Amino acid sequence: MFQEEFLVMPALTSLAESISLHRAIVQAKFGELEPFDSSIPFSEPLSNVAKRNIAAIVSHLIEEGEHVEAKLWEETQKLRTDWDGYEFIVSRIQSTENWLNYSDEEKAEFVEILCSPFSPSTEQMAKLLRIGNET
2 MFQEEFLVMP ALTSLAESIS LHRAIVQAKF GELEPFDSSI PFSEPLSNVA
52 KRNIAAIVSH LIEEGEHVEA KLWEETQKLR TDWDGYEFIV SRIQSTENWL
102 NYSDEEKAEF VEILCSPFSP STEQMAKLLR IGNET
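In structure tokens form, the structure reads like this:
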């Protein structure tokens with residue numbers, strides 16, 4: 002049985018590896034509307050890895066005294082509506098067949114996972130939830 006903090010894979014050993022992982026996750030989740038593995042955009046474990054990875058990048062940069070770079074990575078976490086991947090998020094919400102069966106809490110969690118590693122603002126979350134409710 003797995004322990005809650007069981008180390009399943011080797012830790013990343015450099016900032017370059019963490020940045021590469023971030024880029025790979027973003028490409029896999031948002032590189033195309035219909036990814037080869039359709040479960041990737043909706044994967045909670047991948048969402049968790051993506052968030053922890055960015056947090057590790059920011060933490061490392063702060064430890065190294067790279068405060069400007071750390072701030073840029075913190076800003077990177079904010080969802081941008083002018084980014085191409087945003088349209089994929091909207092489209093995936095609109096095509097979710099069980100949307101109306103989800104509770105409000107489940108809808109919000111679904112949107113957070115779908116957007117990860119980016120975090121929607123309160124206003125963006127409200128808009129994305131409305132989009133889902135209108136379909």
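Counting in this note's numbering, the sequence shown runs from 2 upward without gaps.
Cβ atoms here follow ideal geometry from the backbone N, Cα and C, with glycine treated the same way.
Quick caveat, the model's predicted, so the values are computed rather than measured.
Curious, which full-length alpha helix (DSSP H) runs of at least 4 residues does the stretch 42-124 contain?
-> With a minimum length of 4 residues, the unbroken runs of alpha helix (DSSP H) contained wholly in the stretch 42-124 fall at 45-64, 68-77, 85-95, 105-116.
Three or more beta-carbon pairs under 8 Å between the stretch 114-124 and the stretch 73-91, yes or no?
-> Judged by Cβ distances under 8 Å, the stretch 114-124 makes contact with the stretch 73-91, as three or more pairs qualify.
Span of the alpha helix (DSSP H) holding Ala17?
-> Run containing Ala17: 16-31, per the alpha helix (DSSP H) assignment.
Beta-carbon contacts of Val59 that lie in its chain and below 7 Å, excluding the five residues immediately before and after = Once the five neighbours on either side are set aside, the close Cβ partners of Val59 are Ala71, Trp74, Glu75.
Since Leu13 contacts Leu22 with CB under 8 Å, what's their CB separation in whole angstroms?
-> Their Cβ separation, rounded to whole angstroms, is 6 Å, which keeps Leu13 and Leu22 in contact under 8 Å.
Put Ala12 into one of helix, strand or coil per three-state DSSP.
-> DSSP, reduced to helix, strand and coil, places Ala12 outside both helices and strands of the structure shown, so it counts as coil.
Buried or exposed (CB count within 10 angstroms, at least 16 for buried), Arg53 | Exposed, since its Cβ has fewer than 16 Cβ neighbours within 10 Å.
According to the neighbour-count rule (16 or more other Cβ atoms, all chains shown, within 10 Å of its Cβ), is Ala25 buried or exposed?
-> Exposed is the call here.
Assuming Leu129 and Val112 make a contact with CB atoms under 8 Å, what is their CB distance in whole Å?
-> Between Val112 and Leu129 the Cβ distance is about 5 Å, and since that is below 8 Å, they are a contact.
Looking at Glu45 and Ile114, is the spacing between their C-beta atoms short of 7 Å?
-> Less than 7 Å divides the Cβ of Ile114 from the Cβ of Glu45.
Return helix, strand or coil for Glu35, following the three-state DSSP convention.
-> Looking at Glu35 - three-state DSSP - the assignment turns out to be coil, as it is neither helix nor strand.
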